[in-house]
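Per the working numbering, residue 4 is the first one in the sequence shown, and the count goes up by one each step. Glycine included, each C-beta is placed from N, C-alpha and C at the ideal position. Fair warning: this is a prediction, and the values are worked out from it, not measured in the lab. In what follows, a single structure is set out as structure tokens and then discussed.
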Amino acid sequence: SPPQPVLNMRKSWIEISENCDFSLDNIPFGVCSFPSYKSSSSGVPLLTPSTPRCCTAIGKFSVDLHLLAEAGLLDELVAPSDNGVT
Numbered sequence: 004s005p006p007q008p009v010l011n012m013r014k015s016w017i018e019i020s021e022n023c024d025f026s027l028d029n030i031p032f033g034v035c036s037f038p039s040y041k042s043s044s045s046g047v048p049l050l051t052p053s054t055p056r057c058c059t060a061i062g063k064f065s066v067d068l069h070l071l072a073e074a075g076l077l078d079e080l081v082a083p084s085d086n087g088v089t
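What follows is the structure, encoded as structure tokens:
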């Protein structure tokens with residue numbers, strides 16, 4: 004028999020409008036670059052491209068998954084064993 008749907012008991016600290024395309028039930032994944040700054044030889048900050056990274060969107064926010072992983076915030080994630088994912 005097919006896996007049973009999981010009850011939606013998820014919560015977010017991010018405010019997500021009801022008509023948002025990127026709710027907790029529809030989280031897209033992709034690759035993005037966030038601009039970074041470095042100082043020129045004259046000390047003026049310059050906007051430079053960063054290395055592309057895995058990201059997602061929740062509500063109206065882009066989330067850099069690389070930074071979350073570096074901070075250890077993804078260390079305890081485990082795929083549920085009852086949904087057929089191994």
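Asked: Between Gly1 and Glu18, how many whole angstroms is the CB-CB distance? I'm expecting something under 8 Å.; Found: The structure shown has nothing for residue 1, since the chain only spans 4 to 89.
Asked: Could you give the distance in angstroms between the alpha-carbon of Phe51 and the alpha-carbon of Tyr40?; Found: In the sequence under discussion, the amino acid at residue 51 is Thr, which differs from the Phe named in the question. So the alpha carbons of these two residues sit roughly 6 Å apart.
Asked: Are the beta-carbon atoms belonging to Thr59 and Ser36 less than 9 Å from one another?; Found: no
Asked: So within the stretch 25-61, which uninterrupted beta strand (DSSP E) runs reach at least 3 residues, ignoring any that extend past its ends?; Found: 32-35, 39-42, 48-51 and 56-61
Asked: Below 8 Å on the Cβ atoms is my guess for Cys57 versus Val34; work out the distance and round it to an integer in Å.; Found: 6 Å
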